[in-house]
Every structure is written in C-alpha cells, then in structure tokens.
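Everything below concerns the one structure shown next.
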Amino acid sequence: MITKYVYGNPIETEAVVQNVPNTSEKMPYFEVAEDHCTFQTHLAEDDIVYGLGEQVRGMNKRGWKYKSCNFDNPNHEEDTMSLYGAHNFLLVSGQKTFGVFFDYAGMMTFDIGYTAHDLMTVTAEDGNLKVYLITGASEDVIVHQFRTLIGRSYIAPKWAFGYGQSRWGYQSEEDIRQVAAKHQAAGIGLDSIYLDIDYMERYKDFTVDNTRFPDLKQLQSDMMAQGIHLVPIIDAGVKIEEGYSVYEEGVAGNYFCKDADGNDFVGAVWPGRVHFPDFMKPETRRWFGDKYAVLLDMGIDGFWNDMNEPAIFYTEKRLESVMQRINELSKQNMGVDTFFEFKGLVEGISNNIEDYSTFYHDMNGKKVVHHKVHNLYGYQMTRAASEAFDRLSEDKRILMFSRASYIGAHRYGGIWQGDNKSWWSHLLMNLQMLPALNMAGFVFNGADTGGFGCDTTEDLVMRWLQLSVFTPLMRNHSAMGTREQELYQFGNMADTKKMIEIRYGLIPYIYSEYMKAVLQDTMMYRPLSFVYRTDAAAREVEDQLLLGDEVMIAPVYRQNANGRYVYLPEEMMLVRMRGLDDIETEILPKGHHYVQAKLHELVFFIRHGKKIPLCRAAQNTEALDTVHMQYLGWETADYALYEDDGVSKDYDIEKHIRMC
Ligand code: MIG
C-alpha cells in the first residue's frame, strides 16, 4: 500500500507517475516535526536500512550520515556524504518493514543511526515536500510498488550490453582506430568505443574537432562496419563564444540559467566560461535535445551526459572575489592563519555549494533559485536528450546514461557510478551499490571497470571484469594521466580475453534478466536477505548478491586472494569458469565455505533447481547465436528467456519470453 503525505507547497519533481491521493492522516512510523523539516523513526536492534541509491558504504546504510546533494566528487571515500545522484528512497527491513520516498528537489540529510544507533532522522531544508510511505508483505513487494509508482525504467539497446572501451585521453581518430584494431587483433570482443571530451572542438557541445577527427561520420561508419558503436560524451555547460551557434541560439532563445540581475549566469568548466542551459524549462529541453541530431545524423546511437550536477570549476563572481582577496594577502607577509585562509580560498573555488544560490531557473514563469532544485538538474538534462531521441529516433533505441540523477531520471536513461578509483575497495563498492540503484529505478548501470582514477593493476582489472561480466554496463574507463588499462596493456591478456568471452556467453541471460526487471518493475540485483528473509547469516551478507532468480554472485575483491569465504543460504551449484569451454561445476551444501578462485577463474553460483543459458562467444552482440545455447545448472529446470531484437521498441513481454 502506498500512502502520500504532502507538506507545504512542494516543487514538482515529476519523479512519480501514478496518481496517489493525499492523505491528511498522521504519518505512521515517523515523528514529523511541526515545521515538516524533520522526520524521525526508531530503529530496532536488528533493523537494516537499505536504499539511498548512489552512496558509499555498505548495502546496510545504518551507522552513517548521508546527504542528497548531487556532487562532482571524485573521492568516493568512507566519509563521503554525497556522490552524483539523489535517490531519496529508503527501505527499512526488520521489526517493521516499510519503504519511504522523500520527494524533495533540494538538499536533504539522512542520519541513519549515526547520532544515535537506534534513531533515523531525515531532514529537509524546508517543509515543502511529499513523502510516500509504502508497506507490503516483503521487501520485494515494497520495492515493486515503489518502482510502479515511479514508472518504467529506461531501456538500453542490446548492443550496450557488449564490452565497451573508454578512456579520457583518446585524442584523435587514429587513437580510436587503434583501439578497435588492437581489440580485433587480440580477438577481444567489443561493441563500443567511447569518445570523451577531446573529440569536441575546444569542449564545445555538438561540435567536432576537425583536425583530430577530420571525418567523424566516416569513422562512425567504418566502426559500425566492424560492429563497434561510437559513444560521445555531452557536457552540461555551453561555451561562451561569439559565432558558436549553440551559444548564440541559447542566448537568443533565453535558454540559459540567469544570475540575480537577470543576465545569463557565467560559470566555468572544461570549455572555460560557459552558460548552463535551464533544463527546468520545456523549451530549453526541446532546444538542447534537438542538438543531439548533429551526432545522430552521423549514425551515432549512444551518448553519455557528464558534468550535469552541474559541476562548476569556478563562477566568475567567486573567482573575482578570491583573486581580490589573494591580491590583498599577497601584499602582506603570509602568516599561518592567512596561509590557511589562502589555501581554503583556492580549494573552495570549485563546486562550491554557495554558488548554487547565485543562479536561477524559470519554472513556469516563476524564478526559482538553483539551490532549491539542485538535484533535478542532471535529471532534466537526461530527459532533454531522451525526449529528443523519442522524436528523432522513433523506432530505434538510443544508449543514454548520465552522471547526475534524481529518481525520475531512471525513466530517461541509465547512470554510471562516476569517478571511482582503481582501488580494491571500490570494486566492492560497485557491488554494494547495485541493489540500491535498482530500488531507485536505475537498472541500466555499471561502474568504470578497472577503476577511473589512479593507476590500476593487472589483477585488479581481472577481478573487476569478474564482477562487471554481470552488470548491464560493462565499460573499461580510466582517467587521463593514469596507467593505460585496455586489456591488451597487460601480460594476462589471454585470461582477460576469456572473461570477455564469458561476458558474451552470458549476454542472453543478463539481457533477459535486465529486461524482465525493467518490464516487471523488479530488481535485477537483490541482497540475500530479500529471499532468505529469516536466515540471520544471509541478512548480514554484504559482499554477495542475487542476480535474477537463478544466480548468486560472490566476486573476489581482495588483492592477492586465491579465493574467498562464501555463505550459501541453501544448496547451490558452484560454477568455475576459465573460459566458455573450460567449466567445472560442483554442488555445495548450505553453509559457510571457503571457495578457491584463482585469478583467472570466474566463480559464481546457481541456485538450487535453476538453470541459466549460455551461448558461444562472439566478436560483438550482433554476432551472438542465441539458437544454439548450452545450459548451466539443474537440467530439469525451466528458464524463462526474454529475447527481442534489441533495438526496436516493441517490449511486449508475453511475445518475447520463451521457455528454455
Ligand atoms: O572533470 O570528461 O566522470 O568519466 O572521463 C572530469 C572527462 C570530467 C568526468 C567523468 C569522467 C570523464 C571526465 N569527466
């Protein structure tokens, strides 16, 4: 059951698609403060709190405080309070089990047993918000209701499930051709190569640098001939430059955010000084969305939206005042205090929260300060793109995933987990985020495989592949200046290549589970506790997940480990794969096991009485043969395989499911 409580005069976020009547009754479970800013509930000793989508720490969020404030934060550390998304859905599981969604466009804090272990306190900055309380017989039922409430998740094309190679640093057409050629030479399957900001002419959206990419259309069609899709990045900020049509149209059409004086607001990002499109305005969304046609017309059918928190390197006004103060300081003898003031001034230039109070949106003719709707910005940018794709590409799916998001954005695109690092702990974090993202509707997602920031290692890439073979997005991406991490950079390429083969073999299953989760409003990844609800050991597991109804994943995420402890809440089949033609299976009883998993071995489990399909490897998804499949698991089992053409928009589940 879903109950809706409306407090004050909330800003419409369009997160919810169902009409739920308001109730004037008192909300159960929570103590609501008179000003409607604070919501407090008691947590029993063993209650688990799931949710919050893209956040650090474990699946059980209890014991820390979090903040919904979309933030370009490349440091995903234990004390990080916000990343790029605001996903204000929580699921309390235990003595009382319920879901709650705080639909609020501004900043919120979630103190989940931080101040006091038995208290959860959710705080909004003002008392204008909607709260949806969801009860049901189980965690699954509650999440299903919530997902129905917020509407069907975005559907990616099937090719987006193929292996993708990306790096911030590919500078030219030549670089791209080499990446393709090297994968081909090594026989490593590949469906996509990503174009980071360097394909643009001085980081101007919807332009192409003609020196380094003299003929992008030709490059695209050459790549397509090899089954490789090019996926360019689009940033939020529009460069201020005379003669640049996007800028000039934006000014003329009144499409940009305004400063306090009503002038187009100036910030700076990669292109230098930019204006930020006011994506809250339908006219801006339509105008900006139509710009994607420049690339769609070249045959490009995938994009990633970046920097849309929005990230701001500096605002003109802050830079001026900082410079002025530094100028004053530099005339004095810099003492300890002034030194730290100086340091703080410089460090505080980028992504300064105060800057979000210095520009404005036009929402239905009303001037709204950005701060109040901050968490909707990336969402509305992704919506702009997605609605344009519906107009410009009526019959064909377009790949779209974004960095910033809010619940609601899940209907328009997927997300990736942002700038993680090549750390073992981030491999585990990748796994731990998956169920929370699914709850919030983000079924198409993945993290930068191998890690984005800092130097990766051969074994970390290998282990990360062994998780990513199961996630919808499987993209190797890394930052400029870090060690190159394409699979052919390492000595263990024969082994990593096998993992990519396994990925291709698993795609019929992964895609089927993805589509079922989207079309039935269910989770693709669930914590063990959702299924083994009364098993105390299962409820504590933080490093294993259920995938669909058939699989349990338990990747190795520790350096130099040749195996790991795994908890089996029931009898399961251990699958050990060194390649598609080198598979061992073994039935293990319920209980705790130490399971060996050498670096080149992928280990996972099939639940009792289930089976999964596996096809042969291919160079890309287009070439997959889903007619001749083998099955892993219990022979007598049935598996409901969802299969469609992967590009068109006919998602009739009855029509596309066949029993295998
Ligand atoms: O300020 O475009 O998260 O994936 O490679 C960095 C360069 C901007 C951040 C994205 C990352 C991308 C990078 N971008």
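In short: position in the sequence shown from 1, add 1, done, that's the numbering used here. Glycine included, C-beta positions come from ideal geometry on N, C-alpha and C.
In the DSSP assignment, Ile588 falls within the beta strand (DSSP E) that extends over 583-589. As DSSP reads the structure, Lys5 sits in a beta bridge with Asn23, Tyr133. Using a cutoff of 7 angstroms, the CB of Ile198 counts as near the ligand MIG, since one of the ligand's heavy atoms is closer than that. When the Cα atoms are used, Lys27 and Val33 turn out to be separated by approximately 9 angstroms. Residue pairing by DSSP puts Ile234 in a beta bridge opposite Trp305. In the same chain as Tyr643, and ignoring 5 residues on each side of it, the C-beta atoms closer than 6 angstroms to its own belong to Ser513, Met516, Lys517, His657, Ile658, in chain order.
Comparing alpha-carbon positions, the option among Arg203, Tyr30, Lys159, Tyr155 lying closest to Val123 turns out to be Tyr30. In this structure, Phe90 and Ala441 form a Cβ contact; the two beta carbons are roughly 5 angstroms apart against a cut-off of 8 angstroms.
Tyr155 carries a coil assignment under DSSP once its states are collapsed to helix, strand and coil.
Residue ranges of uninterrupted alpha helix (DSSP H) with 4 or more members, entirely inside the region 155-193 and ordered along the chain, are 174-187. Relative to the ligand MIG, even the nearest heavy atom lies 7 angstroms or more away from the CB of Met121. Using a C-beta cut-off of 8 angstroms, the region 259-274 makes no contact with the region 292-301, since fewer than three inter-stretch Cβ pairs fall below that distance. Setting aside the 5 residues that flank it on each side, Ala448 is surrounded in the same chain by Trp417, Gln418, Asn421, Asn431, each with a C-beta closer than 7 angstroms to its C-beta; the list follows chain order. Cβ-Cβ distances below 6 angstroms link Ser351 to Phe314 in the same chain, with the five nearest sequence neighbours on each side left out; the list follows chain order.
Burial state of Met578 is buried, judged by a 10 Å Cβ sphere holding 16 or more other Cβ atoms. When secondary structure is reduced to three states using DSSP, Arg203 falls in the coil class, being assigned neither helix nor strand.
Sequence-distant Cβ neighbours of Pro528 in its own chain, meaning closer than 6 angstroms and more than five residues away, are Met60, Pro436. Between the region 301-312 and the region 394-402, the count of Cβ pairs shorter than 8 angstroms is three or higher; the stretches touch. Asp363: member of the beta strand (DSSP E) spanning 360-364, first to last residue. In the structure shown, the three-state DSSP call for Leu474 is coil. Here DSSP, grouped into helix, strand and coil, assigns Pro311 to coil.
Close CB contacts of Gly54 within its chain, under the 6 angstroms cut and outside five residues either way in sequence, are with Gly86, His88, Ala437, Leu438, Ala441 (chain order).
Distance from Ser406 to Gly379 at the Cβ level is roughly 6 angstroms; contact confirmed, criterion being Cβ atoms closer than 8 angstroms. In the DSSP assignment, Tyr595 falls within the unbroken beta strand (DSSP E) covering 592-597.
Going by DSSP, Gln467 is part of the alpha helix (DSSP H) stretching over 459-469. When the beta-carbon positions are compared, Ile229 and Asp192 come within less than 8 angstroms of each other.
In summary, Arg412 is buried, with 16 or more beta-carbon neighbours lying within 10 Å of its beta-carbon over all protein chains present.
The beta carbon of Ile235 sits closer than 6 angstroms to those of Asp206, Phe304, Asn306, all from its chain and outside the five residues before and after it, given in chain order.
For the options Glu543, Glu602, Ala641, Phe606, the alpha carbon positioned closest to that of Tyr51 is the one of Glu543. Beta-bridge annotation (DSSP): Thr316 is paired with Gly268. Per DSSP, Ser513 is not a residue of any beta strand (DSSP E); the alpha helix (DSSP H) it occupies stretches across 494-520. When secondary structure is reduced to three states using DSSP, Asp141 falls in the helix class. DSSP, reduced to helix, strand and coil, places Trp635 outside both helices and strands of the structure shown, so it counts as coil. For Asp141, the distance from the CB to the nearest heavy atom of the ligand MIG is not below 7 angstroms. Fewer than three Cβ pairs drawn from the region 132-149 and the region 486-498 lie within less than 8 angstroms of each other, which leaves the two stretches out of contact. A straight-line Cα-Cα distance of about 40 angstroms links Val596 and Cys70.
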